[in-house]
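What follows is a single structure, written as structure tokens, with notes after it.
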Amino acid sequence: TSGVIQIGSGSPVAVAKVKSFELTVSRSRIDTTAKGDEWKKSVKGLGSWTASGTCHVDFNEASQTTLRDNLLSGTAATIGADVACAFFTGGAVSGEKKHSGNGVLTQFTLTSPEPGDGSPAEFSFEIEGNGAIAEAAAV
4 TSGVIQIGSG SPVAVAKVKS FELTVSRSRI DTTAKGDEWK KSVKGLGSWT ASGTCHVDFN
64 EASQTTLRDN LLSGTAATIG ADVACAFFTG GAVSGEKKHS GNGVLTQFTL TSPEPGDGSP
124 AEFSFEIEGN GAIAEAAAV
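Next comes the structure, spelled out in structure tokens:
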């Protein structure tokens, strides 16, 4: 099965026509090397996550409009607001792994196909996590 991205809280909606997505989770390191140490030392720092995705454009699809409006044309209360996100690599089915957290849409790119090649237009987006991302089994 293909990957699924859901947005929204309460009753989340699957983003339509997802072609691919990438979820990156990282943790910084804090240097604790002391003067005279011969080897670098560090301790764990802060965690962070980002996500990006590519979809075939469907301007009539509400889930795609919600993503775009979060960055482009929503109300003052919704532009740049956190959005609940969930990412499923094996589909949103019971037992599959789900990664979820709140994030902010930071980039939206619309790409037009070459004239006459028959490919659909695509849009890509980037989300910056705001807080932890959790892993759990989908229910």
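Using our numbering, you'd call the opening residue of the sequence shown number 4 and step up by one each time.
Note that the Cβ used here is the ideal one computed from N, Cα and C, for glycine as well.
Quiz item: If you draw a straight line from the alpha carbon of Gly104 to that of Ala140, how long is it in whole angstroms?
Solution: 14 Å
Quiz item: For Ile10, which option in Val107, Thr57 and Val86 has the closest C-alpha, if you only look at C-alpha atoms?
Solution: Val86
Quiz item: Whose C-beta lies closer than 7 Å to the C-beta of Gln110 among residues of the same chain, with five residues either side of it excluded?
Solution: Phe128 and Glu129
Quiz item: Do three or more CB pairs link the stretch 117-125 to the stretch 23-39 at distances below 8 Å?
Solution: no
Self-check item: 6 Å Cβ shell around Thr114 - same chain, five flanking residues per side excluded
Solution: Glu125
Quiz item: How many whole angstroms separate the CB atoms of Ser45 and Asp34, which I take to be in contact at a CB cut-off of 8 Å?
Solution: 5 Å
Exercise. Could you check the C-alpha separation between Thr57 and Thr69 for me, to the nearest Å?
Key: 15 Å
Practice problem: To the nearest angstrom, report how far apart His59 and Ile8 are at their CA atoms. | Solution: 14 Å
Self-check item: Val18 vs Ser55 beta-carbon contact at 7 Å
Solution: no
Self-check item: Distance between beta carbons of Ser31 and Gly132, contact taken as under 8 Å
Solution: Actually they do not touch by this definition, with Cβ atoms about 14 Å apart.
Exercise. Give the straight-line distance between the Cα atoms of Asn63 and Lys47, rounded to the nearest whole angstrom.
Key: 45 Å
Self-check item: Distance, Lys20 Cα to Gly119 Cα
Solution: 21 Å
Quiz item: Apart from the five residues on each side of it in sequence, which residues of its chain come closer than 6 Å, Cβ to Cβ, to Lys101?
Solution: Ala89, Phe91, Ala139 and Ala141
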